[in-house]
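Numbering (the numbering used here), first residue to last: 5 to 342.
What follows is the structure, given as structure tokens:
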């Protein structure tokens with residue numbers, strides 16, 4: 005009976021997210037000059053699009069380095085290319101599955117199957133995501149002074165207040181997560197409580213040490229700047245009058261909004277956020293919408309080979325990964341704090 009309830013809940017969430025994506029895209033398309041949109045795509049520079057695809061592909065390696073740095077911080081002896089295969093498969097499933105975080109679940113499962121104990125397989129992916137969001141908040145805060153200059157006084161006040169709230173929320177969230185091991189003794193034998201406690205300990209281990217926190221935060225910042233560079237290339241391919249600096253300022257807030265899983269693969273939310281953001285530097289709605297759609301298509305196309313990697317992995321062995329068993333390495337259990 006419980007399985008049936010969870011299935012209904014899962015499908016309800018999927019339908020709700022689909023509705024959000026479809027509704028936002030419909031609103032954005034209403035009133036759009038499709039002839040102007042078509043002209044933008046007709047004049048596209050395919051060479052720059054291919055370069056942008058290469059930059060997005062580089063995200064696979066950047067993301068792998070970020071994930072690997074977290075796992076090493078937890079005590080793992082990991083191999084880069086073995087981990088990169090799993091990361092790429094996860095990127096594919098993030099696009100293929102409607103939930104938006106399906107790729108993360110796949111990465112947890114595959115890394116566990118390759119020899120990482122479940123605690124660190126799960127926490128490694130979770131903490132990598134935490135590093136990504138924290139670096140994104142930091143980048144938004146850094147670029148905020150330049151961003152505010154282009155806003156009206158009222159919008160600048162809203163933007164600054166939002167940045168402060170998000171920053172404080174991120175700090176408070178991390179602090180609360182680090183305290184998860186402090187549950188009462190009488191319930192610490194419950195599996196979920198024990199798991200939350202381990203998450204809190206691992207988060208303290210990574211983020212309360214500059215040596216361990218530095219690498220994942222660094223690679224997160226590199227990744228966000230690389231995405232901004234990719235958007236700049238796509239904007240240039242559409243002959244939009246925006247600079248790389250504009251993209252570094254405008255894209256991080258869009259990525260921060262996209263981190264909220266309220267749509268299917270970010271569709272609709274990304275378009276709305278980019279139309280709003282690029283309007284601040286004088287980009288027309290049709291042009292910003294064309295840029296967002298092109299960005300979404302490029303991300304989707306670069307994710308598809310991850311499906312091929314997954315199929316090859318399955319073909320190699322129906323019962324286990326084609327990546328050599330233990331190639332990722334087993335994480336040694338660290339002595340838990342009492």
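Think of the CB as a built atom: it goes at the ideal place given N, C-alpha and C, for glycine as much as any other residue.
- The Cβ atoms of residue 228 and residue 140 sit closer than 7 Å to each other.
- As summarised for the region 114-146, there are no continuous alpha helix (DSSP H) elements at least 4 residues long confined to that stretch.
- If one requires a minimum length of 4 residues, no alpha helix (DSSP H) run lies completely within the region 171-207.
- If you ignore the 5 residues before and after residue 278, its C-beta comes within less than 7 Å of the C-beta of 258, 292, 295 and 296, all in its own chain and listed in chain order.
- Separation of the CB atoms of residue 200 and residue 221 is rounded to 23 Å, and the pair is thereby denied contact status at 8 Å.
- The C-alpha of residue 20 is placed about 34 Å away from the C-alpha of residue 241.
- With respect to the 7 Å criterion, residue 256 and residue 144 are classified as neighbours on the basis of their beta carbons.
- With respect to the 7 Å criterion, residue 237 and residue 55 are classified as neighbours on the basis of their beta carbons.
- Setting aside the 5 residues that flank it on each side, residue 52 is surrounded in the same chain by 237, 240 and 241, each with a C-beta closer than 6 Å to its C-beta; the list follows chain order.
- A residue is called buried once 16 or more other Cβ atoms fall within 10 Å of its Cβ, and residue 58, having fewer, is exposed.
- Pairing residue 210 with residue 226, the inter-Cα distance amounts to about 19 Å.
- Residue 99 sits close to residue 304, with the two beta carbons spaced by under 7 Å.
- A Cβ-Cβ contact shorter than 7 Å links residue 129 with residue 112.
- Counting other Cβ atoms within 10 Å of its Cβ, residue 218 stays below 16 and is therefore classed as exposed.
- Counting only the Cα atoms, residue 125 lies some 19 Å from residue 96.
- DSSP places residue 83 in the coil class of the three-state scheme, outside both helix and strand.
- For residue 123, same chain residues with a beta-carbon under 6 Å away, outside a window of 5 residues either side, are 202 in chain order.
- About 14 Å separates the beta carbons of residue 142 and residue 70, which is beyond the 8 Å limit, so they are not a contact pair.
- Taking C-beta separations shorter than 6 Å and ignoring five residues to either side along the sequence, the partners of residue 67 in its chain run 91, following chain order.
- Counting along the chain, residue 230 sits inside the alpha helix (DSSP H) bounded by residues 214-241.
- Fully enclosed beta strand (DSSP E) runs of no fewer than 3 residues are not present anywhere in the region 45-101.
- Annotation for residue 271: no alpha helix (DSSP H) segment contains it, and DSSP assigns it neither H nor E.
- Looking at the backbone, the Cα of residue 62 and that of residue 246 are separated by about 23 Å.
- Using a Cβ distance threshold of 7 Å, residue 232 and residue 252 count as a contacting pair.
- Around the Cβ of residue 194, a 10 Å sphere holds fewer than 16 other Cβ atoms; the residue is exposed.
- DSSP places residue 285 in the coil class of the three-state scheme, outside both helix and strand.
- Excluding residues up to 5 positions away in sequence, 82 and 128 lie with their Cβ nearer than 6 Å to the Cβ of residue 75 in the same chain.
- For residue 186, the closest of 174, 177 and 204 by C-alpha to C-alpha distance is 204.
- Within the same chain, 279 come within 6 Å of residue 289 by CB-CB distance, once the 5 residues on both sides are set aside.
- Residues 289 and 292 of the same chain have their beta carbon placed closer than 8 Å to that of residue 283, with the five preceding and five following residues left out of the count.
- Around the Cβ of residue 287, a 10 Å sphere holds 16 or more other Cβ atoms; the residue is buried.
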